[in-house]
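Engineer: For reference, the structure I am asking about is given below.
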Amino acid sequence: HLTTDAWIEVSNGRILRVSAPPRPRRQATYELGNVTVLPGLIDAHLHISGYADRRANDTPSQAALARAGNLYTTLMAGVTTVQSVGDERDVELRDAVASGNIPGPRVLTAIEPLRDTSLSIDSLRGFVRGLKAREADVVKIFVSDGPLTTTRQTFSDEQVAAICGEANAQGLRTAVHAVEPQSVRAARAGGAGGTVQSWTGVLGRSWRLPAGSAIWARRSARCPRSPAQRCSLRPRRRATSLAKLSWSTAE
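In this text, residue positions in the sequence shown follow the numbering used here: the first is 93, and each later residue adds one.
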């Protein structure tokens, strides 16, 4: 929905309302002219601590500057929140942005992804509690391998349920890597409370997801919050595969 000649009221960094200009019209703090204003974008899967031109002999200072450059470039592209899925160096970047020391989007970090399928149920729960103690914002779980290798479920359904259940109990979101249908079903049944990050194996299928969760495929989307929701992910044109996706929802 496009609103023209809009009045945007902001207080303490939050948008309170978007409406028609007040009557009588008063002077705006910032007059943006004829530009189009978009809400801040959210990137639900990236690795903000990595950079493309990394060299083996980079000094810590060079690496820090490159990572700060990542944050600035991301912010200038209109992305105001990022979910960085697994690097302990993200914590320093997150805190530096939050304290105003460097410009960048709000950073949510998983600190360390969960891959070890040999852990017991109690150990998996302990791992999640450890992430909480380390001030992680999200739990990244590899429920399947692939897509560049084999595509099979790795954690058992019971393990997935234990991880997701403990994450929910600790107030942490989950980011589930699941590239084939059985893994998506396990995440759904286990109560994954965030994004299910997937690949071509889920296209053309319908999934009933927990309220507030979403399937991600190169780009992320969030289904409307409702007691039960069914999201269908389909390519608009076969030639573009995952480049263009459409969502349909039904109770």
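C-beta atoms are modelled at their ideal positions from N, C-alpha and C, and glycine is treated no differently. Fair warning: this is a prediction, and the values are worked out from it, not measured in the lab.
Per DSSP, what are the beta-bridge partners of Ala396 in this structure?
Structural biologist: A query on residue 396 cannot be resolved here, the shown segment of the chain reaching from 93 to 343 and no further.
Engineer: Could you check whether Ser176 and Ile140 sit closer than 8 Å to each other, using their CB atoms as the reference points?
Structural biologist: yes
Engineer: Taking the C-alpha atoms as reference points, what is the distance between Pro195 and Ile134?
Structural biologist: 16 Å
Engineer: Rounded to the nearest angstrom, how far is the Cβ of Thr173 from that of Pro197, given a contact under 8 Å?
Structural biologist: 6 Å
Engineer: Going by DSSP in three states, Leu167 sits in which element: helix, strand or coil?
Structural biologist: When secondary structure is reduced to three states using DSSP, Leu167 falls in the helix class.
Engineer: For my contact list, Leu267 and Gly286 are in at a C-beta cut-off of 8 Å; report their separation, rounded to the angstrom.
Structural biologist: One detail in the question is off: residue 267 reads as Ala in this sequence, not Leu. Correct: roughly 5 Å between the Cβ atoms.
Engineer: Could you tell me whether the Cβ atoms of Ser275 and Gln251 are closer together than 8 Å?
Structural biologist: no
Engineer: Out of Lys224, Gly142, Gly132, Thr166, which has the shortest C-alpha to C-alpha gap to Ala155?
Structural biologist: In terms of CA proximity to Ala155, Gly142 leads the group Lys224, Gly142, Gly132, Thr166.
Engineer: If you measure between the beta carbons of Phe219 and His269, is that distance less than 8 Å?
Structural biologist: no
Engineer: Suppose you measure from the CA of Val102 to the CA of Leu211; what does that come to, to the nearest Å?
Structural biologist: 47 Å
Engineer: In three-state DSSP terms, what is Glu101?
Structural biologist: strand
Engineer: Can you give, in chain order, each stretch of the beta strand (DSSP E) that sits fully within the stretch 128-152 and has at least 3 residues?
Structural biologist: 133-138
Engineer: How far does the beta strand (DSSP E) with Arg106 in it reach, from first residue to last?
Structural biologist: 106-111
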